[in-house]
Amino acid sequence: MDALAPLSSPEPAALRLAASLPEWNPEADDALVVRAVRDETPDVKTFVLVPRSPCLFRYAPGQFLTLELEIGGETINRCYTIASAPTRPHTLSITVKRVPGGPVSNFLHDHIRPGSVIRAVGPMGDFSCFLQGTGGVAGRAPKYLFLSGGSGITPLMSMARSFHDLAEPRDITFVHAARSPVDIIFRDELELMARNQPGQFRFAPICEADSPFEPWHGLRGRLNLGLLNHIAPDYREREIFVCGPSPFMAAVREMLKGAGFDMNSHHEESFDFAELASAEPEIAAEVIAAEVIEAEGSKAEAKAAEPQVATYTVTFAKQNRSIEVRSDTFVLDAARRNGVRLPSSCSKGLCGTCKSKLVSGTVDMKHGGGIRQREIDAGMALLCCSKPTSDLVVDR
Numbered sequence: 023m024d025a026l027a028p029l030s031s032p033e034p035a036a037l038r039l040a041a042s043l044p045e046w047n048p049e050a051d052d053a054l055v056v057r058a059v060r061d062e063t064p065d066v067k068t069f070v071l072v073p074r075s076p077c078l079f080r081y082a083p084g085q086f087l088t089l090e091l092e093i094g095g096e097t098i099n100r101c102y103t104i105a106s107a108p109t110r111p112h113t114l115s116i117t118v119k120r121v122p123g124g125p126v127s128n129f130l131h132d133h134i135r136p137g138s139v140i141r142a143v144g145p146m147g148d149f150s151c152f153l154q155g156t157g158g159v160a161g162r163a164p165k166y167l168f169l170s171g172g173s174g175i176t177p178l179m180s181m182a183r184s185f186h187d188l189a190e191p192r193d194i195t196f197v198h199a200a201r202s203p204v205d206i207i208f209r210d211e212l213e214l215m216a217r218n219q220p221g222q223f224r225f226a227p228i229c230e231a232d233s234p235f236e237p238w239h240g241l242r243g244r245l246n247l248g249l250l251n252h253i254a255p256d257y258r259e260r261e262i263f264v265c266g267p268s269p270f271m272a273a274v275r276e277m278l279k280g281a282g283f284d285m286n287s288h289h290e291e292s293f294d295f296a297e298l299a300s301a302e303p304e305i306a307a308e309v310i311a312a313e314v315i316e317a318e319g320s321k322a323e324a325k326a327a328e329p330q331v332a333t334y335t336v337t338f339a340k341q342n343r344s345i346e347v348r349s350d351t352f353v354l355d356a357a358r359r360n361g362v363r364l365p366s367s368c369s370k371g372l373c374g375t376c377k378s379k380l381v382s383g384t385v386d387m388k389h390g391g392g393i394r395q396r397e398i399d400a401g402m403a404l405l406c407c408s409k410p411t412s413d414l415v416v417d418r
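Residue numbers for the sequence shown follow the working numbering, beginning at 23 and rising by one.
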């Protein structure tokens, strides 16, 4: 972890509120100082961040940061959605759930304190009601339905906080699914927002069970069509945003499709960073076998039809593995098909999790913002969006 670097301005932070400050630019200085650590639930903490030099944060509610952390002598990238609202641009916060066995979430919970310095790049992502909307119209829907599960509440909380701060007339129903009352993240704040906006903002938590010292007298069970009709009988008229664990989002998707909902008004976070980060290196043997059989079965017909494509050898130095990768195939995709374990999350060139050093060779890389130019100049590449243009040696 980096040594703490003092803020460049000696005056109290409050005195900078009226100052004209530049926008935070991670290309110039990617260090963020932890101002505060707040307990949200027994296994969820919020980390409040500020730039090392006075700057303002600009982002769309629902976007994410990619943190770069040194853990056990290894550099690990992990993405976290911004939970704060851009209407309060002097600080930025991420809210992190401790995952059993998760190296990053446990490191953040156990070792990051006020004064710690972490590195980050972003903001990135397009999951935001301020960027997405039916017919390309964003941020203007008169009625929203936010559906969140567990720590997937964070991007929707950023959107809700933004509308609350702007005091714009929006009809918002916010449904959050939690294990028990004690696990309802941001419960007090969401209830306050509902009191502040009667008739405009409704908060409807759903719990599966009681807490040890708090019986639950509200909506119980898992979100289903019956509960949805009870909470928001006009849900067909609403723009719906969904975020949570992959099974939660899949269940909501199928529920809405089955109810005849217009899926053009349905928006969900396109990937679950936490789940993909742990699951990406593992590929079931039967899946690989099926792909090989399918490829072998169609190889004869495809060979005659397809144009000649160059093939290069990609060597993963630390794993002492070499594979053949076509010039029209992303290195990460080929590695996964060959059972090579590599860290990855978004597979879209956004998050930086698969960032790797190229010891030798060249690639054609078209990224989405998950790598800095200085890193590219230093020989780094995102394997998820890089196609080989020569033989490669990768420091993985």
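For glycine and all other residues, C-beta sits at the position ideal for the given N, C-alpha and C. Predicted, not measured: the structure shown is a model, and the values here were computed from it.
*Residue of M285, T195, P410 minimising C-alpha distance to P255*: T195
_Starting from T176, trace the alpha helix (DSSP H) in both directions and tell me its first and last residue._
175 to 188
_With the cut-off set at 9 Å, would you say G266 and G172 are in Cβ contact?_
yes
*Could you check if E291 is buried or exposed, using at least 16 other CB atoms within 10 Å of its CB as the buried criterion?*
buried
_One or two residues paired with V59 in a DSSP bridge_ = F69
*Cα-Cα, which of P227, T97, P48, K67 is closest to V121?*
K67
*Decide if H289 is buried, meaning its Cβ has at least 16 other Cβ atoms within 10 Å, or exposed.*
buried
*Reference Q330; option with closest CA among S349, R343, A339, Q341*: S349
_Presumed contact (8 Å Cβ cut-off) between G383 and P410, rounded CB distance_ = Yes, they are in contact, since the Cβ atoms of G383 and P410 sit about 7 Å apart, within 8 Å.
*Would you identify the three-state DSSP class for P234, choosing helix, strand or coil?*
coil
*Other residues of its chain near N47: CB distance less than 8 Å, five sequence neighbours each side excluded*: C77
*So is H186 buried or exposed if we call it buried at 16+ other beta carbons inside 10 Å?*
By the neighbour-count rule (16 or more Cβ atoms within 10 Å), H186 is buried.
_Considering only their Cβ atoms, is the gap separating F79 from P177 smaller than 9 Å?_
no
*Cβ of M146 within 8 Å of any heavy atom in the ligand PLP?*
The ligand content of the structure shown is nil, which means the ligand PLP is not present either.
_Delimiting residues of the beta strand (DSSP E) encompassing P164_ = Note, P164: premise wrong, no beta strand (DSSP E); not H, not E.
*Coarse secondary structure for L380, derived from DSSP in three states*: strand
*Could I get the ranges of all uninterrupted alpha helix (DSSP H) runs contained in the segment 105 to 147, with 4 residues as the minimum, in chain order?*
125 to 133
_Run through the DSSP bridge pairs and tell me what H289 is partnered with._
F263
*State the Cα-Cα distance for the pair A462 and S412, rounded to the nearest angstrom.*
The structure shown does not extend to residue 462, since the chain spans only 23 to 418, so no value can be given for it.
*Please report the residue range of the alpha helix (DSSP H) in which H252 lies.*
247 to 253
*Could you pull out every residue in the same chain whose Cβ sits closer than 6 Å to the Cβ of S138, ignoring the five residues on either side in sequence?*
Contacts found: V56.
*When we look at the beta-carbon of V143 and count the other beta-carbons within 10 Å, is it buried (16 or more) or exposed?*
buried
*Comparing alpha-carbon positions, which option in H112, K340, S378, N342 lies nearest V353?*
Per the C-alpha coordinates, the member of H112, K340, S378, N342 positioned closest to V353 is S378.
*Would you call the CB atoms of I104 and S42 closer than 9 Å?*
no
*Can you list, in chain order, the residues of its chain whose CB lies under 7 Å from that of A403, leaving out five sequence neighbours each side?*
In its chain, beyond the 5 residues on either side, S378, L380, V385, M387 have a beta carbon closer than 7 Å to the beta carbon of A403.
_Judging by CA-CA distance, which residue of A50, E45, F69, S344 is the nearest neighbour of A58?_
Closest by alpha carbon: F69.
*Pick out whichever of Q85, S366, L153 has its Cα sitting closest to the Cα of S12.*
Here the chain has residues from 23 to 418 only, and residue 12 is not among them.
_Taking the beta carbon of R358 as the centre, do at least 16 other beta carbons fall within 10 Å, making it buried, or is it exposed?_
buried
*Just list the alpha helix (DSSP H) runs in the segment 202 to 231, keeping only unbroken ones of 4 residues or longer that don't cross its boundaries, in chain order.*
209 to 218
*Closer than 7 Å by C-beta to A281: which residues in its own chain qualify, once you throw out the five before and the five after it? Chain order, please.*
L247
_Here's the rule: buried if 16 or more other CB atoms are within 10 angstroms of the residue's CB, otherwise exposed. What is A296?_
Residue placement at A296 cannot be trusted, given a pLDDT of 47 that sits under 50; what the coordinates show is reported in the next sentence. Counting Cβ neighbours within 10 Å, A296 comes out buried, since at least 16 surround it.
*Name the DSSP beta bridge partners of N342, please?*
In DSSP, N342 forms no bridge with anything.
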